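This note's numbering numbers the first residue of the sequence shown as -13 and each following residue consecutively.
We treat Cβ as the ideally placed atom computed from N, Cα and C, and that holds for glycine.
Every value quoted in this text rests on a predicted model; they were computed, and no experiment measured them.
Okay, structure first, notes after.
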Amino acid sequence: MGYNLGVDLGTTFVAAAIARDGRPEMCTLGSQTMVSPAVVYFTEESRLAFGDAAERRALSQPDRVERAFKRRLGDPTPVVLGGVPHAVTALMAAQLRDVLDTVSRVEGEMPERVALTYPATWGPYRRELFEEVPRLAGLHDHVALTEPEAAAAFYGASRLLGEGDTLAVYDLGGGTFDATVLRKRGGAVEVVGDPDGMERLGGIDFDEAILQWIDYRNGGALSDLDLSQPGAAAAMARLRQECVHAKEALSADIETSIPVLLPHRQFVAHLTRAEFEGLIRAPVESTIGTLIRAVHTARLDVGQLSGVLLVGGSSRIPLIERMVAAETGRPTVTDAHPKYAVALGAAVVAGLRPASAMPPPLVVAPSEPVAEPTAVDAPIVLPRRRRIAAILAIVAAVLLLAGAAVHLAGRDNGQPTNAIAPSLVPSTAAPTASVPTASAVAAVAVARAPAVAVPSIGRSIALGRAPDYVAVAPDGRRLYIASGEQTVSVLDVATGTVTSEIPTPGPARFVSFSPDGRYAYVSLWDERDGEVHAVSVVDTDDNTIKKTFPVRTRPYLAAVTPDGNWLYVPNHDGHTVTVIDARRLVQVAEITVPPEPHYVSFSVDGTRAYVADHESNNISVVDTATRRVLTNIDVGHSPHAVEQNPHRPLLMNVNWDDGTVCVIDTTDDTVRRTISVGTQPLALRWSADGRYAYVVNSGSDNVSVIRADTMQVTATLPTGDAPTSIAVLPDGSRGYISNSKAKTLTVLNLTR
């Protein structure tokens, strides 16, 4: 009897499920578990091995192993294994082929149809690349759907929702976060509103946070490693695995020990649950903000939810359940096997050809009728909302035929395991108080390789307009460039070309983003006594302006709190910082600071805002809870840009008239060192791992590289004519410097 297959090529794990007569069950991919680690190994015989076979080689031959390569999809830089470059699409295709072969050996035949899932946060470019994967794997009859769509199909089958119930799904996996709202109505489950998510946030980032914490607490012991030396790379690979074990252990224990076995030094790091929670609190807050926004797109308040379902392996961290319960006030429901839902739902959907995809009534709104699709073997391609509704409607019909029974049975040596169902008992424990942040090392890093002391210079990118300011979107795929004209240009990082121009109601000066990348905030002004002094809010999904609101004269670089709730706009001539409710887009407060505030940066935990006061020669420290200035730190002449280190309790600002930067210890708000750089430093950014700062010197046409732990300049690199700003990709691999007079971007390769 034939079967259909659902495959979830996750960031950290791969899962597969088969379905016969609409009844899905898990397949065993790992040697001891249902799921298989998303790891690839390039053998000395030039073959690719995946899963447990690759995992076993990770420690002995780390240069031939790559984890989480799915995150690299869309990056033009190939994955190098054993000195041989590989395209990410080719690796994912070989991974898919490995899954197909494994399942076919057990079942005795190939599946009739296959459904593949991908993150809802992926844009058109990555989705187009993902379509190459099944083709390269020799698969021609398949369906592609988002992970929330597949999960919704499964949870509709599992009787998790009663009639009329509305449930928010909080899905935090190994590499991405998704938020979806489900409602059961008329016997069918539907997605309500628009699923939302964060593309580069998951369990592997929490692992990296622990790694950075070990480095920081032990005087840069990891930063000093030369990974080209024998044993160093293997030691780091072993330590990364220990960080994963520590994260998992702290879900049950209040303290764990991490053995650190480096070639030149061996010690044990002791990490408490409170310290770990301090490291990840800020990104978890961002996920909750994204969840609430998804609820609001459904035109609901969180109080109207029946509960919040926690899925994805990383959602088992105790802090997440506490914070979700505290922020939403709703009961949380834990999925007993959070890694299975997407594959199981995909398996059900795999058997649904478009010809049979007519939804029954009550699933879609009358204003969005679903056109009758034709019977073809090509992948299902429907408008987003219609596709979701069609899939869920058919799932409901299949369940009626199948008796609404879903078996989560795995196969091991031909024997099915016991049936498993999600745990449906809501958590009744009262939310506990927040644990203080362990240190300012709290940010989660996503850099795949450490930054280097002397970056190399890549090929510059020519532009049609003079770039006054460049900023990178949090997804790392697009640069937004303000030219001082009434336009913001959007540049595709993968191709190095401008893909769109956003007209603005005034000269665009600066661009900043919400933490999840959903919105860009463009500061506009024409002149001191001009008519335009405003901030435009750009929806980055379609690059249209959602709203423009006036502020005081000459708004400089705005910044958003780490939780995404508040936008701080420094008003150069108004001696104030305007506070905007980032969700309602209304002004709620104004903070008086010393004359001519330019830039704003926040502490990692969001409790402090640091404002560079250009004419007052100081940095104002603002309590974000009370919105009062706590102190003013004396720095050099004409501070312009200021930036918090993502992993260390360090703040750095540039002093334009001095040709210096000041390094500030945020534990006591004192200047630890003043460092000479080039002429008229105008901007700075930290590397993604926090090891180096990049200072743009507009007067000397160069960039200074400063090491964080030694506070010394390690390199001075040339730029184009009149550099003005720098943007660093979230993965830390490259930096882009805007050269205003040259009308170019200088590209720096920041990692090995």
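Met12 is bridged by DSSP to Ala3. The Cβ atoms of Val640 and Ala674 lie no closer than 8 Å to each other. Under the Cβ criterion (8 Å, minimum of three pairs), the stretch 551 to 562 counts as touching the stretch 571 to 579.
In this structure, the beta-carbon distance from Phe140 to Asn204 does not fall below 8 Å. In the structure shown, Val479 falls within a coil segment according to DSSP collapsed to helix, strand and coil.
If you look at Gly721, you'll find it in the beta strand (DSSP E) that goes 720 to 725.
Distance from the Cα of Thr162 is smallest, within the candidate group Arg186, Val175, Val155, Val178, for Arg186. Close CB contacts of Thr485 within its chain, under the 6 Å cut and outside five residues either way in sequence, are with Val476, Asp478 (chain order). For the set Thr314, Arg113, Arg58, Ala40, the Cα lying nearest the Cα of Tyr156 is the one of Thr314.
For Met78, the uninterrupted alpha helix (DSSP H) segment begins and ends at 74 to 93. By DSSP's assignment, Tyr680 forms a beta bridge with Arg671, Val691. Each residue's CA atom was taken as its position, placing Tyr202 and Pro441 some 22 Å apart. Of all alpha-carbon atoms in Ser690, Val607, Ser684, the one lying nearest the alpha-carbon of Asp654 is that of Val607. In the three-state scheme derived from DSSP, where H, G and I count as helix and E and B as strand, Trp199 is classed as helix. Counting along the chain, Leu305 sits inside the alpha helix (DSSP H) bounded by residues 304 to 314.
DSSP places Met638 in the strand class (E or B) of the three-state scheme. DSSP links Gln573 through a beta bridge to Ile566. Straight-line spacing of the CA atoms in Gly718 and Thr539 works out to 35 Å.
The three-state reading of DSSP puts Gly(-8) in strand, counting E and B together.
In the DSSP secondary-structure assignment, Glu52 is bridged to Val26. Under the three-state reduction of DSSP output, Glu629 falls in the strand class.
The bridge partners DSSP lists for Asp620 are Asn604.
Inter-segment contact for the stretch 554 to 569 and the stretch 595 to 607 is present: three or more beta-carbon pairs are separated by less than 8 Å.
Boundaries of the alpha helix (DSSP H) around Arg224: 218 to 235. For Pro97, the three-state secondary structure derived from DSSP is coil.
In the displayed model, Ala136 falls within a helix according to three-state DSSP. Exclusion of the five residues before and after Glu271 leaves Asp549 as the residues of its chain whose Cβ lies within less than 6 Å of its Cβ. Rounded to whole angstroms, the gap between the alpha carbons of Val297 and Ser602 is 50 Å.
Secondary structure at Ser292: coil, using DSSP grouped into helix, strand and coil.
About 4 Å separates the CB atoms of Leu305 and Glu263; that is less than 8 Å, so the two are in contact.
From the listed residues Gly664, Phe499, Ala448, the smallest Cα separation to Tyr466 is found for Phe499. Taking 8 Å as the cut-off, the Cβ atoms of Val66 and Arg58 do not count as close. A residue is called buried when at least 16 other Cβ atoms come within 10 angstroms of its Cβ; Pro23 meets this threshold and is buried. By the beta-carbon neighbour count (other beta carbons within 10 angstroms, threshold 16), His72 is buried. Ala218 and Ala284 have their alpha carbons spaced roughly 50 Å apart.
Minimum Cα-Cα distance from Val310 among the listed residues Ala154, Thr14, Met184, Leu736 corresponds to Ala154.
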